[in-house]
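Trainee: Just add 5 to the spot in the sequence shown (first one is 1) and you have this note's numbering.
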Amino acid sequence: MMNKYLPGFCVLLGLSVGCALFPLLAYAAGPATGGPYVNEAKLHCEQLDVKVETFCQLDKSAEEQCFLQRAQLRHGITGKLTEKFYLYENYLKDQSLITGMLCVKGSNKKNKVILRSTNLGNCKGCEWSDYFSETGEFLGSDRTMFGATNSKPKKLPHNFDEKISYETDAAGNMVTIEEVYVDRRLRKEK
Numbered sequence: 006m007m008n009k010y011l012p013g014f015c016v017l018l019g020l021s022v023g024c025a026l027f028p029l030l031a032y033a034a035g036p037a038t039g040g041p042y043v044n045e046a047k048l049h050c051e052q053l054d055v056k057v058e059t060f061c062q063l064d065k066s067a068e069e070q071c072f073l074q075r076a077q078l079r080h081g082i083t084g085k086l087t088e089k090f091y092l093y094e095n096y097l098k099d100q101s102l103i104t105g106m107l108c109v110k111g112s113n114k115k116n117k118v119i120l121r122s123t124n125l126g127n128c129k130g131c132e133w134s135d136y137f138s139e140t141g142e143f144l145g146s147d148r149t150m151f152g153a154t155n156s157k158p159k160k161l162p163h164n165f166d167e168k169i170s171y172e173t174d175a176a177g178n179m180v181t182i183e184e185v186y187v188d189r190r191l192r193k194e195k
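1. Under 8 Å by Cβ, that's how I've got I103 and Y93 pegged, so tell me the actual separation to the nearest angstrom.
2. With DSSP as the reference, please indicate the residues paired to G177 in a beta bridge.
3. Less than 8 Å between the CB of G145 and some heavy atom of the ligand ADP, yes or no?
4. If you draw a straight line from the C-alpha of F60 to the C-alpha of R190, how long is it?
5. Under 8 Å by Cβ, that's how I've got Q52 and E139 pegged, so tell me the actual separation to the nearest angstrom.
6. Can you say whether S112 is buried or exposed, counting buried as having 16 or more other CB atoms within 10 angstroms of its CB?
7. On a Cα-Cα basis, can you pick out the residue from E58, G177, E88, E68 that is closest to F137?
8. Among the residues of its own chain, which have a CB less than 6 Å from the CB of A46, if the five just before and after it don't count?
9. Please identify the residue among L125, K114, V109 whose C-alpha is closest to the C-alpha of S135.
10. Buried or exposed for L107, going by 16 or more other Cβ atoms inside 10 Å?
11. Please state whether the Cβ-Cβ distance between R79 and V118 is less than 9 Å.
12. For F142, which residues of its own chain have a beta-carbon under 8 Å away from its beta-carbon, when the five flanking residues on both sides are left out?
13. Measure the C-alpha to C-alpha separation of S170 and N124 and round it to an integer number of angstroms.
14. Rounded to the nearest angstrom, what separates T83 and A175 at their Cα positions?
15. Taking the straight line between their C-alpha atoms, what separation do you get for L63 and N44?
16. Excluding the 5 residues flanking C50 on each side, which residues of the same chain have their C-beta closer than 6 Å to its C-beta?
17. Tell me the rounded alpha-carbon separation between L48 and L120.
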């Protein structure tokens, strides 16, 4: 003879297991359903290996909302690691993410790294560059607003161009050895 409570118990058990597994299935579905994702961009500049990780998630309308970037500069010979975090607390309005990494030629024959945010001239106050030495040391920033970092702000001295000295071309632009675009869009797996 079958226990009269067994069918109800089985239904209840099935619902409980289903409810417990649903969040796991939703998480396994990943970014397509709004989960977090990380994009990574890399640049090699003489003895420095530079990596920028962009932490994002999709909002309800499938727009990328990126709230944190981590820049790592590792010196190949000494192994010294410089790590800088860029926190975008108001990331729905603050779209001043790092968009590019540049390896530029220094006039002292030692290449430098520039991390920059640009929107191609659409908002001059929103564009900025952070400068790093050939050893990965943070030299300073020309940013005037937006974003927060884990390091003390360091405004560039008025004679920065003369002091650090970059090699320039005939038009007066820094000589760029390599430039890498830092993408925040969710990449579709092939």
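Positions of the beta carbon are idealized from the N, C-alpha and C atoms, including for glycine.
Mentor: Based on what the coordinates show:
1. The C-beta distance from I103 to Y93 rounds to 10 Å, too long to meet the 8 Å contact threshold.
2. Checking the DSSP bridge columns, you'll see G177 has no partner listed.
3. Only the bare structure without any ligand can be found here, which leaves the ligand ADP out of the picture.
4. F60 and R190 have their C-alpha atoms spaced approximately 10 Å apart.
5. About 7 Å separates the Cβ atoms of Q52 and E139, confirming a contact at the 8 Å cut-off.
6. In the assembly as shown, S112 is an exposed residue. Its beta-carbon has fewer than 16 other beta-carbons within 10 Å.
7. Check the Cα spacing between F137 and each of E58, G177, E88, E68: the tightest is with E88.
8. Contacts found: V57, V185, V187.
9. Looking at the sequence provided, one finds Asp at residue 135 rather than Ser. Of the residues L125, K114, V109, the one whose Cα lies closest to the Cα of D135 is V109.
10. Counting Cβ neighbours within 10 Å, L107 comes out buried, since at least 16 surround it.
11. The beta carbons of R79 and V118 sit no closer together than 9 Å.
12. Sequence check: residue 142 is Glu here, not Phe. In its chain, beyond the 5 residues on either side, T87 have a beta carbon closer than 8 Å to the beta carbon of E142.
13. The alpha-carbon atoms of S170 and N124 are separated by roughly 25 Å.
14. A direct Cα-Cα distance of roughly 35 Å separates T83 from A175.
15. Distance between the alpha carbons of L63 and N44 is about 13 Å.
16. Excluding residues within five positions, the ones whose Cβ falls inside 6 Å are C108, N116, V118.
17. Taking the Cα positions, L48 is about 11 Å away from L120.
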